[in-house]
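Peer 1: Last residue of the sequence shown: 231 in our numbering, with the numbers rising by one and none dropped. All C-beta atoms in this analysis are idealised placements derived from N, C-alpha and C, irrespective of residue type, glycine included. Just so you know, these numbers come straight off a predicted model, no measurement behind them.
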Amino acid sequence: TDGNGCSGTASDIVTVEMMALPGEGCADANDLSALFGQAPNEAQTSGLWDNSNYNSTGDPATGWECFDDGSLEHTVWYAFTGDGNTYSIRTVACNATNYIDFGDTQMAVYSGECTDLTAVACNEDEDFANDVYNAYLELPTEAGVQYYLMIDGWDGSDGEFCVEVTNLTPSAISSVAELGLRLSPNPTSGLVELQGAQPETVRVIDALGRLLFVQNGASAQVDLSALPGGVYTLLIGLADGQWGSAKVVKE
-19 TDGNGCSGTA
-9 SDIVTVEMMA
1 LPGEGCADAN
11 DLSALFGQAP
21 NEAQTSGLWD
31 NSNYNSTGDP
41 ATGWECFDDG
51 SLEHTVWYAF
61 TGDGNTYSIR
71 TVACNATNYI
81 DFGDTQMAVY
91 SGECTDLTAV
101 ACNEDEDFAN
111 DVYNAYLELP
121 TEAGVQYYLM
131 IDGWDGSDGE
141 FCVEVTNLTP
151 SAISSVAELG
161 LRLSPNPTSG
171 LVELQGAQPE
181 TVRVIDALGR
191 LLFVQNGASA
201 QVDLSALPGG
211 VYTLLIGLAD
221 GQWGSAKVVK
231 E
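Structure representation (C-alpha cells):
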C-alpha cells in the first residue's frame, strides 16, 4: 500500500500495428501518372524510393518469369494510365546515397485489376553483356488502360533508386517515301533493307499496334524471319532526328 492508500498491480495489452508502406502491394500502388504524357525524348524521373523494408506478400505468382533469380523479395508497386504512346521505363541512381546493390533491379508490368492481373511485359537487365543491370523495357501503351508496375531487387538486392520514364513516340512521322527512302524487298520472306539512309533505331509493330521488337544500332537491314506472315509497320529513326514509317508485307 502506498501513501495514498492504493495497492495492487495493473496491466494492459498494447497492440502496435506497423503502417503499410506506400506501394507495398498492387492495391496501394504509387501513382506515376505525372511521368507520362510528357514531351518526346525528355526523360522524367520520380522521387527517390527505397525497397529495403518491403516484402512480396500477396504478389502474383506469374508475369515475372524473366526474373533470373526466380523469386520475389522486396517489391514496390506503381500505377499509371496508358495514353497510346510508347514509353521506356527504367530504374536509375538519381540522387541515391544508398543505391540498390549493383543497381540491379527487375520489373514486370501488368494490366487489369489487382485481383485479376494480366501480364504485359517483363525485364531483368537493360544490358547484361555490358554489366548494366538495372531493369529497362519499352512499353507501347493503350489509351485508357490502367497499368501496374512491380519493381524488385535481384536476389534480395535492396536500396534506393528512382523510376525514369521517357516518351518514345516521335512528335512527327513522315512516310519513308517522303524522306526519299525505300524498303526492299517488299513483300519480303525475311530480310528487308532500308535504302538511302542508315537508321539508328527501327521499331517493328504488328497490325494490333503492339511493339514486337526494337533494333538499335547502325544497320540498314531488319530481319522479320521469325514473324508470321502479315502486314507490319516499321518506325525508322534516323540520325538527324527524323522518323519514317512504312508498311511491310511478310510472306
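#1: For a quick check, are the C-beta atoms of Gly133 and Ile80 less than 8 Å apart?
#2: Which one of Thr61, Ala76, Val72 and Gly83 has the shortest CA to CA distance from Val89?
#3: Could you tell me the boundaries of the beta strand (DSSP E) in which Thr277 lies?
#4: Quick one: give me the first and last residue of the beta strand (DSSP E) that Trp134 is part of.
#5: What number of angstroms, rounded off, separates the C-alpha of Lys227 from the C-alpha of Gly210?
#6: Quick check on the DSSP output: the beta strand (DSSP E) that includes Ala106 runs from which residue to which?
#7: Which residues share a DSSP beta bridge with Glu118?
#8: In angstroms, rounded to a whole number, what distance separates the CA positions of Pro20 and Ser151?
#9: Candidates Val145, Gly3 and Thr181: which alpha carbon is nearest Arg70's?
#10: I'd like the list of long-range same chain contacts for Ser164, defined as Cβ closer than 8 Å, with 5 residues on each side in sequence excluded.
#11: Tell me the DSSP secondary structure of Gly92 in three-state form.
#12: Looking at C-alpha atoms only, which residue of Tyr67, Pro120 and Asp48 is the closest neighbour of Gln24?
Peer 2: In short, the structure shows the following:
#1: Cβ distance < 8 Å, so Gly133 and Ile80 count as in contact.
#2: Answer by Cα proximity: Thr61.
#3: For residue 277 there is no data in the structure shown, the boundaries of the chain being -19 and 231.
#4: Note, Trp134: premise wrong, no beta strand (DSSP E); not H, not E.
#5: Pairing Lys227 with Gly210, the inter-Cα distance amounts to about 10 Å.
#6: The question names Ala, but residue 106 is Glu in the sequence shown. Counting along the chain, Glu106 falls outside any beta strand (DSSP E), and DSSP gives it neither H nor E.
#7: Bridge partners of Glu118: Ser68.
#8: Straight across, the Cα-Cα distance linking Pro20 with Ser151 is about 7 Å.
#9: Val145 is the residue among Val145, Gly3 and Thr181 whose C-alpha sits nearest the C-alpha of Arg70.
#10: The beta carbon of Ser164 sits closer than 8 Å to the beta carbons of Val172, Glu173 and Gln175 from its chain, once the five residues preceding and following it are set aside; these are given in chain order.
#11: Here Gly92 carries a strand assignment [DSSP, helix/strand/coil].
#12: Considering only alpha carbons, the answer is Tyr67.
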